[in-house]
Amino acid sequence: MQIGSLKQSEIFAFLAALFLIGVVLSEQHRVESDQRLEAENQRLVEENLGLEAEKRHLEVERQRLGTENQHLEAENQRFESGKQYLESENQRLESGKQYLEAENQRLELEKQRLEKPPIITLSEETREFRFPSSSAEVSRPFAEALRKNIIPDLDRLSKEYDCDVIEIIGHTDGVPVKPARSNIDYITHSKDDVVFGSNLDLGMLRAISVMRIFEKAQKQGKLTRIKYFMPYSAGQFVRPDKRLAWGRETEGDRARRRIEIRLLRSR
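Numbering (the UniProt record's numbering), first residue to last: 1 to 267.
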């Protein structure tokens, strides 16, 4: 019985030892598990702190980006306002430019209207522009010089100065014409024979002769701006220097025998 009892005690001790070992191992495992959990918890806490810090950093960055975006929007609005202002200013300047151009054109037209084109003088001092003595017949060289030189000049000047009237004024010297009874008052056709009784009559007939050549040129497409041809005569009364001449003055007779052509505006 004693031996059996010893065996039971040994068994009990062995079991108790196993239990203690189990308890120790279990406690050790629990401690290690707690340590691992603590370490993991510490890691998670630290990671959470890092995430919180990152979150705060991202929030600060978001606020900075928001502020930057607001600044960019304000800058964009300022740019748009400046763009609209520049477009408005450009339109204003363009309108001002158009106004100035129109005003300049108006002033240029007014200047041309106020300016007088030069007087063209066909003096007998030039061989081509001579009439036969006591005659209103235009010679062939005279007519050719009118067509080649004078009519192109009149065409150009009429456009440049916006003129639509040509005055042709006949001037003579002071030598009396052969006494005759003038029939100018009774002429009914351009082909009728004309008898002139004074230098005034002769100056008028010479002006008309030149006018006929202008009219013919107009029918051929020249002097298109001209509406009226107006012949006049000053006879022997107006010298080239615009002084009046009386009686039988013969000084400078060749210069006094001339045709003056003036461009005018009817309006």
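We put the CB at the ideal spot given by N, CA and C, even for glycine. Treat the numbers as computed from the prediction; the structure is a model and nothing was measured.
Cβ distance (whole Å) where residue i is taken to contact residue j below 8 Å
{"i": "Arg254", "j": "Leu122", "result": "Not confirmed; about 12 Å, so no contact."}
{"i": "residue 270", "j": "Val138", "result": "With the chain covering 1 to 267 only, the question about residue 270 has no answer from this structure."}
{"i": "Ala217", "j": "Arg147", "result": "7 Å"}
{"i": "Ser134", "j": "Val177", "result": "6 Å"}
{"i": "Asp173", "j": "Arg256", "result": "5 Å"}
{"i": "Arg225", "j": "Ser158", "result": "5 Å"}
{"i": "Val194", "j": "Ile184", "result": "6 Å"}
{"i": "Ser198", "j": "Ser209", "result": "Not confirmed; about 17 Å, so no contact."}
Beta-bridge pairing of residue i - partner residues as DSSP gives them
{"i": "Gly235", "result": "His171"}
{"i": "Val165", "result": "Tyr228, Leu264"}
{"i": "Arg258", "result": "Ser123, His171"}
{"i": "Leu244", "result": "Val238"}
Nearest residue (CA-CA) to residue i, options the options
{"i": "Asp155", "options": "Lys222, Gly82, Leu72", "result": "Lys222"}
{"i": "Leu263", "options": "Lys219, Ser198, Leu49, Asp153", "result": "Asp153"}
{"i": "Cys117", "options": "Ile208, Glu160, Val31, Ala136", "result": "Note on identity: in this sequence residue 117 is Pro, with Cys being the wrong assignment. Nearest of Ile208, Glu160, Val31, Ala136 to Pro117, Cα basis: Glu160."}
{"i": "Ala207", "options": "Gln220, Ile261, Glu73", "result": "Ile261"}
{"i": "residue 268", "options": "Pro179, Ala245, Ile151", "result": "The displayed coordinates of the chain run from 1 to 267. Any statement about residue 268 would go beyond what the structure contains."}
{"i": "Asp162", "options": "Ile119, Phe196, Glu110, Glu61", "result": "Glu110"}
Quick check: the segment 228–247 against the segment 128–148, are at least 3 beta-carbon pairs closer than 8 Å? no
Can you confirm whether the segment 122–141 touches the segment 222–233 when touching is taken to mean that 3 or more C-beta pairs between the two stretches lie within less than 8 Å? no
If contact is defined by three or more beta carbon pairs under 8 Å, each pair taking one atom from either stretch, is the segment 166–179 in contact with the segment 191–208? Here the segment 191–208 makes contact with the segment 166–179; the two share three or more CB pairs at distances below 8 Å.
Every unbroken beta strand (DSSP E) within the segment 76–163, with a cutoff of 3 residues, ordered by chain: 120–123
Just to confirm the assignment: which complete alpha helix (DSSP H) runs, minimum length 4, are found wholly within the segment 191–227? 199–219
Fully enclosed by the segment 39–80, which beta strand (DSSP E) runs are 3 residues long or longer? Counting only runs of 3 or more residues that sit fully inside the segment 39–80, no beta strand (DSSP E) segment turns up.
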